[in-house]
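K.L.:
Residue numbers (this note's numbering): 147 to 517.
What follows is the structure, given as C-alpha cells:
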C-alpha cells in the first residue's frame, strides 16, 4: 500500500548493501534536543533535481511523511524500536527538525494496533490515519511470503480516524466491515480518497472531509490504492495490480480471500476525481507505485524498479501525464520511494535507504527541489 516500509525492506532488500556516503554534519540544539543535518554528500551523482538534501530520521523504518497545509509540520509513520513502538505508529515533527534514536518525536496515534497512511486536514490541527486498534491492541501478524511469493497483508480491521495533534481521536470516519485505509486529502481541502474492500475488491472511494457522501471511484478487478489528488483537486493518480489472465485472476482472488495481495506487478493509472476518463499511465513492468503529482500538475513523480533484474533498486522517476518523457530522478542502489512535494512546491520529502551504513533502516529525507 503506500505501505508498510518494514515489509518492503524485507521483501526487496534482504541482501542489499547501500551506497556509501559521508555521514552528514550534525549540530545539536540543547533547548529542543533536535538535530539539524544538512549535507550535499547525500545527493548522488545525476540527481540534478536536488539542490540540497537533509536527513531527518536516523533509525528504524520511517515513511510516508506528509506536509501540513502550511508546510510547517510533517506527519509520518515509523517502527523505530528506540521510540518504544512494536510496529508502525504515527509521529509528528516540525519541518525544520531532525530526530535521532535518542530523541523521539511526539506520537499522534494511540500506540495500539498497527497504523498506516496519515495525512493532515486543512486546518493544520488534525490528521487522518488508518489503524487496526479497534480489532486488537497488539500488532497484527505480518506475513511476508505465500507459496514462495511476496505478499502484503490487507488487514480487515483497518478503519480511518481523525485525531488532533495531541493524539486524541476525535472521530471515526469509516466503520464498514473490511479494509478501509490509505486516505489522502485533496489540496482543495474538500475531499478524501481512500481504498476499501467494501465492494468485495480493493477499490478507490472518495468522501467529504467529515466522512459523508462516500462514492466509489474505480470498479475494475485489481488492487487500486495509494491514490493522490492533483494540485487543483481535479484528478487522481494511483497504482494498481490489474490481473488479466484466468490464472492471474484466480491467484488474485484467492489471495484477497485470505486478506493478502501480491505487490510485485503494479502500474500507474490516472483518472478524474469522479472516476471518469480512467486510463493507464505507465506500462513499464515490475512495480510502479507511490505516485505524487509534480507541483505543476503536469507530471507525476513515482517509485519504480522497472529497470531492476532482482527486484531492486527502487528509484524515483518523473513522467508526463500523457506517459511521455520518462526521466530518472534518483540514482541509488537500494530504495527511494514515497515522494511528497510540499504545498509550495519548494521541497520534496521522501524515504530512502541512503546513508544507513549498509543496513536495512529506511529514513526520511527532505530535498530542496529544482526543476
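We put the CB at the ideal spot given by N, CA and C, even for glycine. Everything numeric in this text was worked out from a predicted model, so none of it was measured.
Would the region 207 to 223 and the region 477 to 486 be scored as touching if the rule is three or more Cβ pairs under 8 Å?
P.N.:
yes
K.L.:
Sort out for me which residues DSSP pairs residue 221 with in a bridge.
P.N.:
Within the chain shown, the letter at position 75 stands for residue 221. Looking at the DSSP assignment, residue 221 forms a beta bridge with 212 and 238.
K.L.:
Terminal residues of the continuous beta strand (DSSP E) containing residue 493?
P.N.:
Residue 493 sits at position 347 when you count from the first residue of the chain shown. From DSSP, the beta strand (DSSP E) with residue 493 extends over 493 to 498.
K.L.:
Any chance you could list the beta strand (DSSP E) runs of at least 3 consecutive residues sitting entirely within the region 428 to 455, in chain order?
P.N.:
DSSP runs (the beta strand (DSSP E)) wholly in the region 428 to 455: 434 to 439 and 445 to 450.
K.L.:
Is the beta carbon of residue 377 sitting closer than 8 Å to the one on residue 333?
P.N.:
The count along the chain shown starts at 1 and reaches residue 377 at position 231. The count along the chain shown starts at 1 and reaches residue 333 at position 187. Contact flag set, yes.
K.L.:
In or out: residue 308 buried (at least 16 other Cβ within 10 Å) or exposed?
P.N.:
By one-based count along the chain shown, residue 308 stands at place 162. So residue 308 counts as buried.
K.L.:
Can we count residue 488 as close to the ligand ATP, meaning its CB is less than 7 Å from some heavy atom?
P.N.:
Judged by which ligands are present, the structure shown has none, so any question about the ligand ATP falls away.
K.L.:
Candidates 428, 465, 246 and 470: which alpha carbon is nearest residue 415's?
P.N.:
As a first step, residue 415 is located in the chain shown; it is residue number 269 there, counting from the start. Per the Cα distances, 428.
K.L.:
May I ask you to report which of helix, strand or coil DSSP gives residue 310?
P.N.:
For this step, residue 310 is matched to residue 164 along the chain shown. DSSP places residue 310 in strand when its eight states are reduced to three.
K.L.:
Starting from residue 402, follow the beta strand (DSSP E) in both directions and report where the run begins and ends.
P.N.:
Mapped onto the chain shown, residue 402 falls at position 256. Unbroken run through residue 402 is the alpha helix (DSSP H), 392 to 403; no beta strand (DSSP E).
K.L.:
Is the distance from the Cβ of residue 422 to the Cβ of residue 436 below 8 Å?
P.N.:
What you label residue 422 is simply residue 276 of the chain shown in a count that begins at 1. What you label residue 436 is simply residue 290 of the chain shown in a count that begins at 1. For residue 422 and residue 436, no; Cβs fall outside 8 Å.
K.L.:
Between residue 259 and residue 283, what straight-line distance do the alpha-carbon atoms span, to the nearest angstrom?
P.N.:
To locate residue 259, count along the chain shown from 1; it is residue 113. To locate residue 283, count along the chain shown from 1; it is residue 137. Those two C-alpha atoms are separated by around 5 Å.
K.L.:
Can you list the beta strand (DSSP E) stretches of 3 or more residues lying completely in the region 249 to 331, in chain order?
P.N.:
Runs found: 261 to 266, 272 to 277, 305 to 310, 315 to 318 and 326 to 331.
K.L.:
Closer than 7 Å by C-beta to residue 482: which residues in its own chain qualify, once you throw out the five before and the five after it? Chain order, please.
P.N.:
Within the chain shown, residue 482 is the residue found at index 336, counting from 1. In chain order, 449, 460, 461, 462, 476, 496 and 498 place their CB closer than 7 Å to the CB of residue 482, counting only its own chain and leaving out the 5 sequence neighbours on each side.
K.L.:
Over what stretch of residues does the beta strand (DSSP E) that includes residue 370 continue unbroken?
P.N.:
Position 224 of the chain shown, counted from the first residue, corresponds to residue 370. Residue 370 -> beta strand (DSSP E) spans 369 to 375.
K.L.:
Check the Cβ-Cβ distances between residue 446 and every residue of chain C, and say whether any is below 8 Å.
P.N.:
Going by chain labels, chain C is absent from the structure shown, which holds only one protein chain.
K.L.:
Suppose contacts are defined by Cβ-Cβ distances below 8 Å. Is residue 262 in contact with residue 234 by that definition?
P.N.:
If you number the chain shown from 1, residue 262 lands on position 116. If you number the chain shown from 1, residue 234 lands on position 88. Yes, the Cβ-Cβ distance between residue 262 and residue 234 is below 8 Å.
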